[in-house]
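**Q**
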Amino acid sequence: MRVITAFIAITTGVLILGGYFFPALADVQTLLLNWAIILAGAAALVGIFNLISVHTDKIRRGEKGSTYSALLVIGLVATFTIGILLRPQHSAMQIVLSGIIIPAEAALMGVLTISLLYAAIRLLRRRTDMMGIVFLVTAALLFLGSATMRSGDIPLIGTLIRPWVSQILALGGARGILIGVALGTLTTGIRVLFGVDRPYGGQ
Amino acid sequence: MTFSPDLIIGVISFIFTILIFSYLIGDNPLFRIAVYLFVGVSAGYVAAIAVWQVLIPRLGYPLWFGSLNEKIFAAVPLLGVLFIFMKASSRLSGVARMTMAFLVGAGAAVILAGAVIGTLIPQVEATINFFDLNAAASRNIGFMEAIGNGSIVLAGTIFSLVYFHFGASPKADGSMRRPKVIEIIAWVGRIFIGITLGAIFAGVYAAALTALIERISSLINFFKLFGNF
Amino acid sequence: MAEIIKCPVCGESNPANQEFCQHCQSRLQPGSGPLKGVDAPIKPGQIPTKKNTAELEPILPQWLRDARDSARNTEQQEGQQASQKPGQTQPASHTEDLLAGLRSQAADGDEDETPDWLASITGAAPKPKKSTSESSEVRWVELGDKADFAQEETAGDAETPSWLASLTPTGSQADEKDELTEWFRDADDSKPTEKAAETPAVDDIFSTSAADDTPDWLRRMAAEDDAKKAQPPSFDSSSNAFPPEASESPDWLRQIAADSPADELKDTPDWLRGMEDKNQSTDSAAFTGPASSEVEAFDPSSKDELPAWLNDQGESAAKPLQDTTPKWLKKEAEDSGTGELPAWLSGNEETIPLPAAQEEENLPAKDEDALAGLPDWLKAAAPQASIFEQPEEKTAAEAEPADASFDSPDWLNTFTTAETPAPEKETPFEVPPAFVEEAKGETTDELFTEMPDWLSNAMDLPASSSPTPITNTDAIAPGELPSWVQAMRPVDEPLPSLSSSFVSSDQTLESRGALAGLQGVLPAVPGYSPTSKPKPYSIRLQTSDEQLAHAELLEQILAAETAPVPIASFSTLRGSRGLRWFLFFMVFVVVIAALLLPAPIFSMPVGVPREVGGAVDVARAIPADGAVLVAVDYEASRVGEIEAAAAPFFDQMIFYSHPRLTFISTNETGAILAERFVSGPLAEHYKNSGFSYLNLGYLPGGQLGIHAFAQNPHIISPLDMSLQPAWASASLEGVSSLSQFAALVLITDNAESARVWIEQTESARGNIPFVVITSAQAAPMIQPYYDSQQVSGMVAGLYGGAVFEQNNAGRPGTARNYWDAYSLGMLLAMSLVLGGGLWNLALGLRDRASAREAK
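Residue numbers (this note's numbering), protein chains in the order written: chain D, 1 to 203; chain G, 204 to 432; chain V, 433 to 1287.
#1: CB V:ASP1065 to CB V:THR1180, shorter than 8 Å?
#2: Rounded to a whole number of angstroms, what is the C-alpha to C-alpha distance between V:TYR1231 and V:ALA1247?
#3: Within 8 Å, do at least three Cβ pairs link the region 243-255 of chain G to the region 123-139 of chain D?
#4: If we ignore side chains and look at the alpha-carbon of each, how far apart do D:THR148 and G:LEU422 end up?
#5: Distance, Cα to Cα, G:LEU336 vs V:ASP1083?
#6: Below 6 Å CB to CB, which residues in the same chain sit around V:ALA1079 once its five sequence neighbours on both sides are set aside?
#7: Which two residues bound the contiguous beta strand (DSSP E) that contains V:ARG1287?
#8: Just list the alpha helix (DSSP H) runs in the region 118-194 of chain D, keeping only unbroken ones of 4 residues or longer that don't cross its boundaries, in chain order.
#9: Classify V:ASN1182: buried if its beta carbon has 16 or more other beta carbons within 10 angstroms, exposed otherwise.
#10: Given that V:GLU1107 touches chain D, what residues does it touch there, using C-beta distances under 8 Å?
#11: On a CA-only basis, which of G:GLU417, G:PHE429, G:LYS290, G:MET379 is nearest V:ASP1252? Give me that one, please.
#12: Kindly identify the DSSP beta-bridge partner or partners of V:ASN446.
#13: Quick check: is the beta carbon of D:ASN34 nearer than 8 Å to any beta carbon in chain V?
#14: Taking only runs of the beta strand (DSSP E) that begin and end inside the region 1122-1203 of chain V, which ones reach a length of at least 3 residues, in chain order?
#15: Answer with yes or no whether the minimum CB distance from V:VAL1023 to chain G is below 8 Å.
#16: Taking the beta carbon of V:HIS982 as the centre, do at least 16 other beta carbons fall within 10 Å, making it buried, or is it exposed?
#17: Under the assumption that G:ALA409 contacts D:GLY110 (Cβ atoms under 8 Å), give the Cβ distance between them as a whole number of angstroms.
#18: Got a sec: is the Cβ-Cβ distance from V:SER1035 to anything in chain D below 8 Å?
#19: Would you say V:PRO624 lies against chain D (beta-carbon separation less than 8 Å)?
#20: Which chain G residues sit within Cβ distance under 9 Å of V:TYR1130?
#21: To be precise: take each residue of the region 1152-1181 of chain V, compare its Cβ to all Cβ atoms of chain B, and keep it if any distance is under 7 Å. Which residues remain?
#22: Would you mind working out which of V:GLN1209, V:ILE437, V:CYS442 sits nearest V:PHE1067, comparing C-alpha positions?
#23: Classify D:THR185: buried if its beta carbon has 16 or more other beta carbons within 10 angstroms, exposed otherwise.
#24: With a threshold of 8 Å between beta carbons, is G:ALA309 in contact with chain V?
#25: Any beta-carbon of chain G closer than 8 Å to the one on D:VAL77?
#26: Taking contact to mean at least 3 C-beta pairs separated by less than 8 Å, is the region 115-125 of chain D in contact with the region 1252-1267 of chain V?
#27: Compare the C-beta of G:ILE215 against all C-beta atoms of chain D and say whether one is closer than 8 Å.
#28: Leaving out five residues before and five after V:THR586 in sequence, what residues of the same chain have Cβ atoms less than 7 Å from its Cβ?
#29: At the 8 Å Cβ level, is V:ARG1070 part of the contact set with chain G, yes or no?
#30: Work out the CA separation of V:ALA1051 and G:SER216 for me, nearest whole Å.
#31: Would you say D:VAL73 lies against chain G (beta-carbon separation less than 8 Å)?
#32: Any idea if D:ALA9 is buried or exposed, counting beta-carbon neighbours within 10 angstroms, 16 or more meaning buried?
#33: Just to check my reading of the structure: D:GLY201 and G:MET303 have Cβ atoms closer than 8 Å, yes? What is that Cβ distance to the nearest angstrom?
#34: In chain D, which residues lie less than 7 Å from V:MET1262 when you measure between Cβ atoms?
#35: So, helix, strand or coil for V:SER681, using DSSP?
#36: What do you get for V:TRP1013, buried or exposed, if any count of 16 or more other CB atoms within 10 angstroms of its CB means buried?
Have a look at this one:
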């Protein structure tokens, strides 16, 4: 099985990679990618099925918090049933989205505001070093530069320092991070294509 | 008093917002109820989307209405879907590895090519082109600004990359340390990365603050709407 | 019956637990105990294990590789000299190594009349071999072919003389009598490693059971030996084997003795001591055994009784001899300096104190007495060995090439190489390293490392390099080589350490193991009957203080590596509920107050960042009724921010261009969020201006789907969200590829998603404008793509939306509604972060200082 899976992964990768360079393989690349799209969509269903099984087990065993699990399963099954029966773009699903999903997520994001402020204030208590100071000073400058006055942008901070920090100073670090990520991605891809890394199992 | 969809959405939205905000006074059952319901609803919603937007149009349609070739080509992913569903079974989960191997191989090839074509080459070129005075002039950037900013960006890029160089050699005392030059450059790189992370933090805070404003605004609007009734 | 052991020397019965014979003081047990399991010696008939050790060649010690090289060089030189003397029979010393002569033997076997080892020494032309081919014979020896092995075993059994059989308690080593020949020949090649393998072959001569090939003189000697068994053994091994009467020695042997200085003849241990003094290799001492064994096997009783071939050699002995010292002895001497001294013979007085060592001063007298019983020809060997002490004189005297007076028989002359003889100062005797290794307690692995190499090397030798004619029975049973090698494996039981001074005076005949058949190689002290077990001598590593210190340091390092290191972590910082409540109160009050203010208090941002300016340009530059692809990839949590940022851009774009919008989403909720966006911020346009759009729905697969869609959008997303054919609709009319869109707009809150879209559409989108509308949190990581001009414009967060709204006549006004709260929230954050940060910085410094003081 290990050999088969490695063969599948490497062959697929080579064929798709070849589609970038050889036009003859472009159709093969499209076909394989189309298959991959379907499989990736189906994989999401497997994850949801796993979520259901975990929480139904908790309900069956009567563990602590099984009531919450029951709520989760009920909400999941109900939404899925409505979605299957009425289609996702139905107004009922719009209510679900706008009434539950968006408010819940946005509210959680709003709570994050307090947490971020709290963490920033306490940062230097926990980490008193140059990077922490630079981190907070930069954040404070951008906070100040993002605000305005009654007459417009805050002089110097909003018109000069904020753009310079976000577009020049932060750009250098961001570009370094991006190139580092790309190099890491390149390395990881090569390792997978050479069969060194086998995240699909069978190590 | 009619129950329009907006009213229903407003009520449910208000309730869920309040329940989530209750976390600010501490973890409580109301918050948990809201979160569990939110997760269940979201999962059900995603499952319905996966069925209606993936399986039916991309797999069901070719199998039901497609030509022979389309049916043949759809049979392969159908087999893969069956395999990947076997992952739910502990006994048959090994079969799903073939499908996962296919996905991983395809993903590796795509991200590899994308990283080279879309990030590595263009970003390196852009770092160099910062010193292209003609291009700077075309973008209304002066000579000193181009040279100065280009130098800062170049230094930030290189120093940040060096910061992620973790190759070290053992010292006499047994500790593992990077070479001295690398240590110095990496220290400067940490400054640039600190600036970048500070900017990201400011952005995250701005996004969170905007979300909080939007939620509070929706609550105010709901009260206004409820007051109208 | 099992409680009684028969002495192999005197034949008397002894209790099984006795180590030495009660009657003759001979050893009853071999020096090395019986090995078991995988280490057990290979018995006759047992198939030896093939060992391919060619790859071990590089790990040989340098001195051994040098010796091998010198052996090869010697062979070449000898071959050249032999070709210059066509009339001279090629001596056995021309052979490359132990097995070299087996090749010619295979082809010219002469096993019926002449002992093979003698035949190979004399170099007499052997008779044609009967059946076994040369190649197969060599292969049999080298690789231990099973069939050949069995064949040889049978032959060996028939060839063992009876007297030899009586000397062999077990009779296990058959058909190895000719290994002596090979051993002699190999000694000429200066290969310590090979000698290590060859030495036991000498032992095997005495254990062979072959009788058919034994000449009469040997049989007679056996008879005499049987007759002398009842006599107490003398101190000297040579005298033990031979009658002490010198008159019985042949003339040529007496001539050897006449050439030797008398004083040195009396001082047999001198040459051994000389080697000790010079810290030379004890190979020579160990070789004493084989040398004496050779004499033992050779009955010099009468020239008439010699076989015909030997008589011939005796006649040819009148020919001038180039050297009095066999070449193999000289070669041994050359290597003696690099050899290792066995513990039992080396100057072990320093490290292995023995009671016998204290009596060393009295030994010369004993040795003189012992040498009195030596035959003259054997005594001659001792002075040759003593040249260690007087190298200059001996070199001049014995290096004389035309010393015709030396009338040694030709079979001994064969030891002398045809080339220019080496100086006599070279060590005439050299112990095979196997003895050294055994005495030094080296591991068997090292033996195996070295041993099979010369076997493999023998395979590489050309057949012409081994012209020595020896009979088929000369073949060394390859399966027995590992046997004695394994038998030599040091065991943990104490071995008696002996001074080299006693070696020549010992008469103990080893009956078992690798030394079976040898006398005096592991002797007890003459006249000294051990009353207790020999002093235990551990084979544990001898280490100096410095080495111990280093080992201790290494142990400390290893212990430090394995010891768990506590993870340095910050002390737990207690959460401040008060601060949390304070922040909660401040933020909510500020936001609610700002939202409830009837009039705006803060101005919208005036300055236009470059990336926002680029987005404005794109929004205005899209051709009328152009197809615009909108990728929706943001989460529901950022709806407020994203819609506030995207609404002015779309408002302006729709206002200026009336584009045909096509939405596609790469997350599950994106398609519905797109519907919400159209029905929300863009509702006015949708209802009033005939704005139309197409929603392609959810595109799964992440970057796989994005890349596939970028390459072939009509294949990957043929249907819209309502499962209707998408590419036939008005929104996508005239569009079949990504580059045919008028613009690409990405709405995302995730820098990773933006990176994927930028990367995967890089080659497919061509030169179409690419605008990213994003959350403020993703903007710093998308900024480099704008700087590299991969992105034409960017609207980030509420700030970008406010700027864009300012350039869109203030429409739709979402950003304006949020801006006061946003500005106040940002100012609050700045003040809290700076103030609280400074306060906590001071607290942090104080904590660090106190922690430092506490340490």
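Note that the Cβ used here is the ideal one computed from N, Cα and C, for glycine as well.
**A** This is what the structure gives:
#1: yes
#2: 8 Å
#3: A contact between stretches requires three or more CB pairs, one per stretch, nearer than 8 Å, and the region 123-139 of chain D fails this requirement with the region 243-255 of chain G.
#4: 25 Å
#5: 36 Å
#6: PRO1113, PRO1244, THR1246
#7: At residue 1287 of chain V the sequence reads Lys, which differs from the Arg that was named. Taken as a continuous stretch (DSSP letters only), V:LYS1287 belongs to no beta strand (DSSP E), as it is neither H nor E.
#8: 130-146, 170-193
#9: Burial call: buried.
#10: GLN89, GLN94
#11: Answer by Cα proximity: G:GLU417.
#12: Secondary-structure assignment with DSSP links V:ASN446 through a beta bridge to V:ILE437.
#13: yes
#14: 1125-1130, 1175-1180
#15: yes
#16: Its Cβ having fewer than 16 others within 10 Å, V:HIS982 is exposed.
#17: 13 Å between Cβ atoms; not a contact.
#18: yes
#19: Because V:PRO624 carries a pLDDT of 41, less than 50, the predicted location of this residue cannot be relied on, and no value is offered for it.
#20: ILE252, ALA253, TRP255, GLN256, VAL257
#21: Reference to chain B is not applicable here, since the protein chains of this structure are D, G and V.
#22: According to the sequence shown, residue 1067 of chain V is Glu rather than Phe. That would be V:GLN1209, whose Cα lies nearest to the Cα of V:GLU1067.
#23: Burial call: buried.
#24: yes
#25: yes
#26: yes
#27: yes
#28: Note that V:THR586 scores 38 on pLDDT, short of 50, meaning its location in the model is unreliable; the coordinates nonetheless yield the value given after this. In its chain, beyond the 5 residues on either side, no residue has a beta carbon closer than 7 Å to the beta carbon of V:THR586.
#29: yes
#30: In this structure, the straight-line span from the alpha carbon of G:SER216 to that of V:ALA1051 is close to 34 Å.
#31: yes
#32: buried
#33: 7 Å
#34: Per Cβ cutoff of 7 Å: ALA140, PHE143, LEU144.
#35: Confidence at V:SER681 is low in this model, with a pLDDT of 46, below 50, so its placement is unreliable and no value can be given for it.
#36: exposed
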